[in-house]
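Peer 1: Quick one: the structure is below, questions incoming.
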Amino acid sequence: MFRPLILCLALIAAPLAAAELRVLSGPGALQRAIAGAEPGDVLRLDPGLHPGPVVLDRPLTLTSTDAVIDGQGQGTVITITADNVSVIGLTITGSGMDSQALDAGVKIVKGADRALVEANRILGNLHGVDVHGGRDTIVRNNTIEGTRQFRVNDRGNGIYVWNAPGAVVEGNTVRWGRDGIFPTPRATASTATTCSATCALPSITCTPTTPRFRAKSAPAPGLAMPSCFPTGP
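According to this note's numbering, the sequence shown holds residues 2 to 234 in order.
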């Protein structure tokens, strides 16, 4: 006779299944959707303009096939502060231009582990992707085009990896930044193409060693990998 009560308690205790939620374009809609989402939800953005900036403070997937998130010149466009966040298939533009704050299209902060930034168009930002301490981040198959309104030395990096053990950068196309890929120790960069430098490199693993690699062609600064060495063929 206790079975119905046990079943009810089990249902109450069970976690809710992740939902896929449609996000309409327009001012404030994306911020409201994030605030109302549960961990694990997928936010599928409608085509069109979604004004930012936004902070992803819980495990979510943000995805679309034709949506633009515009930071409107206000800091970083998408800041990831939670574990297990995925940003896939978006156009991300309009960061601020504060070099001290490292304004970026996407920033992954320390403590936000296992982020995935994949198949995005990250355009016209100071830095493209700033992996700033998040462990085991994957930055893959993105097109990253920096701003051209400054001199090369005053621009940001396409992909900046700082103190992020386990980070993997692969298959990205980067142009018009100061440095295409700028990682610190304990990150891996492989099959990364830097168009501004026409670089074709084997797999690169960053460790506390003396740099021992060379870009095949570098008409402009496009690749900077201190303390890195090639590990591929």
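Ideal Cβ placement from N, Cα and C applies to all residues, glycine included. Small disclaimer: the values here were computed from a predicted structure and weren't measured.
Is V107 closer than 8 Å to I123 when the C-beta atoms are compared?
Peer 2: yes
Peer 1: Using DSSP with H/G/I as helix, E/B as strand and the rest coil, what is A36?
Peer 2: helix
Peer 1: On a Cα-Cα basis, can you pick out the residue from E119, I89, V43, G49 that is closest to V169?
Peer 2: Per the Cα distances, E119.
Peer 1: Kindly identify the DSSP beta-bridge partner or partners of N126.
Peer 2: G147
Peer 1: Based on the DSSP secondary-structure assignment, which residues constitute the bridge partners of G134?
Peer 2: BP columns for G134 point to V110.
Peer 1: Which residues mark the beginning and the end of the beta strand (DSSP E) in which G56 is found?
Peer 2: Here the sequence assigns Val to residue 56, which means Gly is not the residue at that position. Here the beta strand (DSSP E) through V56 covers 55-57.
Peer 1: So is A40 buried or exposed if we call it buried at 16+ other beta carbons inside 10 Å?
Peer 2: According to the sequence displayed, residue 40 carries Pro and not Ala. Exposed.
Peer 1: Alpha carbon to alpha carbon, what distance is there between D58 and L50?
Peer 2: 21 Å
Peer 1: Use the C-beta contact count for A18: other C-beta atoms within 10 angstroms, 16 or more gives buried, fewer gives exposed.
Peer 2: Classification for A18: exposed.
Peer 1: Could you round the C-beta distance between G76 and G95 to whole angstroms and report it? I think they count as a contact, below 8 Å.
Peer 2: Contact flag wrong, Cβ pair sits at about 10 Å.
Peer 1: Give the single residue among P28, D42, I145 whose Cα lies nearest to the Cα of T174.
Peer 2: Nearest of P28, D42, I145 to T174, Cα basis: I145.
Peer 1: If contacts are defined as beta-carbon pairs under 8 Å, then D137 and D114 qualify, I think. What distance do you get, rounded to the angstrom?
Peer 2: Contact holds; Cβ gap of about 6 Å.
Peer 1: Roughly how many whole angstroms lie between the Cα atoms of G172 and R141?
Peer 2: Put simply, the backbone Cα of G172 is about 6 Å away from that of R141.
Peer 1: Quick check: what's the CA-CA separation for Q73 versus G167?
Peer 2: So the two alpha carbons sit approximately 32 Å from each other.
Peer 1: Between which residues of its own chain and D131 is the CB-CB distance below 6 Å, once the five residues before and five after are set aside?
Peer 2: L103, A105, K108, Y161
Peer 1: Classify L25: buried if its beta carbon has 16 or more other beta carbons within 10 angstroms, exposed otherwise.
Peer 2: exposed
Peer 1: With a threshold of 16 other CB atoms inside 10 Å of the CB of R176, please say whether the residue is buried or exposed.
Peer 2: buried
Peer 1: Applying the 10 Å Cβ sphere with the 16-neighbour rule, what's the burial state of A68?
Peer 2: buried
Peer 1: Got a sec: is the Cβ-Cβ distance from N126 to anything in chain B below 8 Å?
Peer 2: Among the chains in the structure shown there is no chain B, since it carries only a single protein chain.
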